[in-house]
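Engineer:
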Amino acid sequence: MSQVVDTLMREHRFIEELLSSLEVFVDQLEVDQQEARKTIADFAEFFREFADRWHHGKEEDQLFAALGDHGFPRDAGPLLVMVGEHNIGRQRIKELGAIASGEGPLSEEELRQTRASAGAFISMLRMHIQKEDAILFPAAERALPPEVLDELASGFDDFEHTVMGDGAYERLHAFGERLIDEFPPPIA
Ligand SMILES: [Fe+2]
Ligand SMILES: [Fe+2]
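For reference, each letter of the sequence shown is one residue, going -4 to 183 in the working numbering.
1. Hey, quick one: how far does the alpha helix (DSSP H) through proline 133 stretch, first residue to last?
2. For glutamate 18 and aspartate 161, I'd like the C-alpha separation in whole angstroms.
3. Enumerate, from N- to C-terminal direction, the unbroken alpha helix (DSSP H) stretches of 4 or more residues contained entirely within the stretch 48 to 78.
4. Measure the Cβ-Cβ separation of leucine 13 and glycine 171 and say whether it is below 7 Å.
5. Only counting the same chain, and skipping five residues up and downstream in sequence, which positions put a Cβ closer than 8 Å to that of arginine 137?
6. Among Phe42, Leu131, Ile88, Ser112, which residue has its Cα nearest to the Cα of proline 73?
7. Thinking C-alpha only, which one of Glu177, Gln29, Glu11, Glu105 is nearest phenylalanine 42?
8. Which of the three DSSP states is assigned to methionine 119 in this structure?
9. If I follow the unbroken alpha helix (DSSP H) through valine 0, where does it start and stop?
10. What is the C-beta distance between phenylalanine 45 and threonine 34, in whole angstroms, given that I count them as a contact (C-beta under 8 Å)?
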């Protein structure tokens, strides 16, 4: 397996753990929980910073861009579907962020919206990850010459250290781990 696919798949496993943790949190959510908005804000921040900025950032700006240069149409097929799903996820996280920014305990309506947005996000991103792991990434490794995969690996490195900054991975990982500790997913 190439280094880029290995990196993206390891990130998928961590994102999946956080999706399960969000599912646990939402399942036990009730109207008058005082800390609910803060926790919704934390999950939204994790998915915005790690799943989107860190992970989808590398996919869209680097891997998908390289695939576009190597025969994958940019405005049809898998790349269009994958970017479309990233955008749907951004919308769901925005909805959760909006609820988090309100005040006081959640209303019945906000509870319903939180469950709806989180539920839609969780099932969409799980299926998205499965499609990338099973179809898109193997296709990428067949389509991209080894030297392009090597260039992508150093592009990933640059992004992680220069754009996100040294220590960003450790910080985001610790942040996610804290949510997992607080809302542990059932053992698979
Ligand atoms: Fe993706
Ligand atoms: Fe992904």
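For glycine and all other residues, C-beta sits at the position ideal for the given N, C-alpha and C.
Structural biologist: Considering the structure as presented:
1. 132 to 138
2. 31 Å
3. 60 to 64
4. yes
5. none
6. Leu131
7. Glu11
8. helix
9. -2 to 22
10. About 16 Å separates the two Cβ atoms, so there is no contact after all.
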